[in-house]
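Remarks on the structure that follows.
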Amino acid sequence: AVVSTQSTGMSDTFQRVYDNAVEVALLEKATIIDCIEENLHKARKTAFLRFIKVKCAPRQAYYDDDVVDDEEGSELHRYTQQTFDVVKAMSGQFATLSGQLERVGEMQEQLDTQSKQIKELRTMVKQMRRALGAGQFTPSPYSHPSTTTGHG
1 AVVSTQSTGM SDTFQRVYDN AVEVALLEKA TIIDCIEENL HKARKTAFLR
51 FIKVKCAPRQ AYYDDDVVDD EEGSELHRYT QQTFDVVKAM SGQFATLSGQ
101 LERVGEMQEQ LDTQSKQIKE LRTMVKQMRR ALGAGQFTPS PYSHPSTTTG
151 HG
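Just so we're aligned, residue 1 is where the sequence shown starts under our numbering, counting upward by one.
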């Protein structure tokens, strides 16, 4: 169910991004055409409009999704299946990456904790060295005499 939800979410996101990209492209084309039209003389403008109508107009084709001939239907089915396979593979990769990112986050927390502990240990070692250097270090009464005198 989670993979299905992720696939649907990814599909919806893709569709929104694709629709937005198409709209932006159409707007840019319209802006360019408008700019060109504004700066042309009448004869050139007429020729330009004829060129746009003949060479640049999109091909019109009738399509009814209820009626599919065998050749186009199998091709459409093949493309649909390929798209589904890609989305399914991407969903699997997304789930894997999500798990890996979670583990990386946990490892980062562990590293942060260890870094703090190392810093604390370094501070303690510095304090001990200063105490030893100043003669302020008092051996523990529970330590072995050979370790406190240095005379093994």
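All C-beta atoms, glycine included, are put in the ideal place defined by N, C-alpha and C.
Burial state of residue i (16 or more Cβ within 10 Å)
i: residue 98; result: exposed
i: residue 154; result: Absent from the model: residue 154. The displayed extent of the chain is 1 to 152, so no value can be given.
i: residue 20; result: exposed
Segment limits, alpha helix (DSSP H) that includes residue i
i: residue 43; result: 42-51
Through-space distance from residue j to residue i, alpha-carbon basis
i: residue 18; j: residue 28; result: 15 Å
i: residue 123; j: residue 114; result: 14 Å
i: residue 84; j: residue 101; result: 25 Å
i: residue 22; j: residue 109; result: 43 Å
i: residue 120; j: residue 112; result: 12 Å
i: residue 76; j: residue 93; result: 26 Å
i: residue 33; j: residue 54; result: 15 Å
i: residue 132; j: residue 95; result: 55 Å
i: residue 31; j: residue 79; result: 34 Å
i: residue 50; j: residue 82; result: 40 Å
i: residue 42; j: residue 36; result: 12 Å
Among the options, the one whose alpha carbon lies nearest that of residue i
i: residue 26; options: 57, 78, 132; result: 57
i: residue 14; options: 86, 42, 40, 74; result: 86
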